[in-house]
Amino acid sequence: MAQPARGSARPLLAALLAPVLVALLAAPARGRGGRGHGDWDTDALLPPLPPREDAARVARFVTHFSDWGALATLSTQERVRGLPFADVLSLSDGLPGKGSGVPYFYLSPLQQLAGDLKENPDATLTMSLAQTDFCRKHGYDPQSPLCAHVILAGTVTKVNETERDVAKQALFTRHPEMASWPSSHDWFFAKLNITNIWVLDYFGGPKTVTPEEYYNVTVQ
Ligand SMILES: *[C@@H]1O[C@H](CO)[C@@H](O)[C@H](O)[C@H]1NC(C)=O
Ligand SMILES: *[C@@H]1O[C@H](CO)[C@@H](O)[C@H](O)[C@H]1NC(C)=O
Ligand SMILES: *[C@@H]1O[C@H](CO)[C@@H](O)[C@H](O)[C@H]1NC(C)=O
């Protein structure tokens, strides 16, 4: 058998790989300061997940630690008119550690989904901890409920003058690049007025949370 030969090759291989491993381990951890979101660093700030049975708190946690989500609208595009259409959307519910639970967006009329929303403001927002290191670290597949994710349904509405500053601070802090997006695109601040919430954070099907329960809890 080839056993002895392979056995003797192993120490040599180990000796050759050791410097590589040392170099890899010494390299700065991925994500640390490398995300480019200003002072916001999801990996460094992510505290432990709230108890999974506390669905309202898990929902607030996922919303707060999500920098983006997929927003599904009913399309106004010729080929898929009236059909579901989802796109990635940057969002923020507040400054790090000060999440309000309200997902704020920075939209332009030039965006397909803004056109959809103008005709029908109904939308569904999906966010997942798969976008943080949480699921990778624990080895949870994004579709697994253990990789906590939430689905928020509601209507997307423009924020009023009073709320504008709150939305702007929430978004621009976590997405500094937004400040330099071309003004010719007529960006405006909007939010999801949440009507229904589904939380997938454990086996046994999604849990539902009311907006009242959702806004009633605090995260951290
Ligand atoms: C603006 O919106 C906020 C949040 O919905 C609301 O509390 C406030 O009363 C509104 N202000 C005005 C002037 O409509
Ligand atoms: C938010 O949704 C609720 C329930 O559908 C509705 O009563 C309320 O007027 C909405 N608020 C805004 C700002 O659209
Ligand atoms: C809001 O929180 C308080 C204190 O935890 C609790 O007693 C109350 O039942 C909660 N209300 C809702 C609507 O969740």
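Throughout the sequence shown, residue numbering follows mature numbering (1 follows the signal peptide of the UniProt record, and there is no 0), covering -31 to -1, 1 to 189 in sequence. Ideal placement from N, C-alpha and C gives every residue a C-beta, glycine not left out.
Which same chain residues end up closer than 6 Å to residue i when comparing Cβ atoms and leaving out the 5 residues on each side of it in sequence?
i    : result
P180 : I163
A99  : P111, C116
Y184 : G70
R133 : F158
H144 : S59
H154 : S77, L79
For the putative contact between residue i and residue j, defined by C-beta atoms under 8 Å, what is the C-beta separation to the nearest angstrom?
i           : j    : result
A28         : V178 : 5 Å
V188        : R26  : 6 Å
residue 204 : P90  : Past the boundaries of the shown model lies residue 204; the chain is included only from -31 to 189, so the question cannot be answered.
List the DSSP bridge partners of residue i.
i    : result
F158 : Y75
S86  : For clarity, residue 86 is Leu in the given sequence; the question names Ser instead. DSSP, once it has assigned bridges, lists no residue as partnering L86.
W167 : I120, T177
V125 : L161
A92  : G123
Please list, in chain order, all residues of the same chain as residue i whose beta carbon is under 7 Å from its beta carbon, the five residues on each side excluded.
i           : result
P175        : W167, V168, L169
K32         : Checking the sequence, you will find Thr at residue 32 rather than Lys. Contacts found: D62, G68, G70, P72, M96, V119.
W37         : V57, L58, S59, L60, Q100
A122        : T93, T164, N165
residue 199 : Outside the shown range of the chain (-31 to 189) lies residue 199, about which nothing can therefore be said.
V186        : A25, R26, R29
W150        : W156
S35         : L60, M96, Q100
E182        : A25
For the beta strand (DSSP E) containing residue i, list its first residue and its last residue.
i   : result
T42 : 37 to 43
A55 : 53 to 59
Considering just the uninterrupted stretch of the alpha helix (DSSP H) at residue i, what are its terminal residues?
i    : result
T187 : From DSSP, T187 is part of no alpha helix (DSSP H); its letter is neither H nor E.
A99  : A99 -> no alpha helix (DSSP H), and no H or E assigned at all.
K137 : 130 to 143
V27  : 24 to 33
Ignore the nearest five residues each way along the sequence and tell me which others in residue i's own chain have a CB closer than 8 Å to its CB.
i     : result
A148  : F141
L(-8) : Per-residue confidence for L(-8) stands at a pLDDT of 40, beneath the threshold of 50, marking its modelled position as unreliable; no derived number is given.
Legend entry - Inter-stretch contact at 8 Å, needing at least 3 Cβ pairs: the segment 100 to 113 / the segment 80 to 90: No, the segment 100 to 113 is not in contact with the segment 80 to 90.
Legend entry - the segment 67 to 75 contacting the segment 110 to 117, beta-carbon criterion three pairs below 8 Å: No: the two stretches stay apart, fewer than three of their Cβ pairs being nearer than 8 Å.
Inset, instruction - Count the C-beta pairs between the segment 52 to 65 and the segment 110 to 130 that are closer than 8 Å, then say yes if the count reaches three, no if not. - result: No, they do not touch.
Legend entry - Touching by the beta-carbon criterion (3+ pairs, under 8 Å), the segment 138 to 158 and the segment 41 to 53: Output reads no: the segment 41 to 53 does not touch the segment 138 to 158.
Legend entry - Touch test, the segment 15 to 32 against the segment 154 to 161, Cβ-Cβ under 8 Å, three pairs minimum: With a cut-off of 8 Å, the segment 154 to 161 and the segment 15 to 32 do not count as touching, because too few Cβ pairs lie within range.
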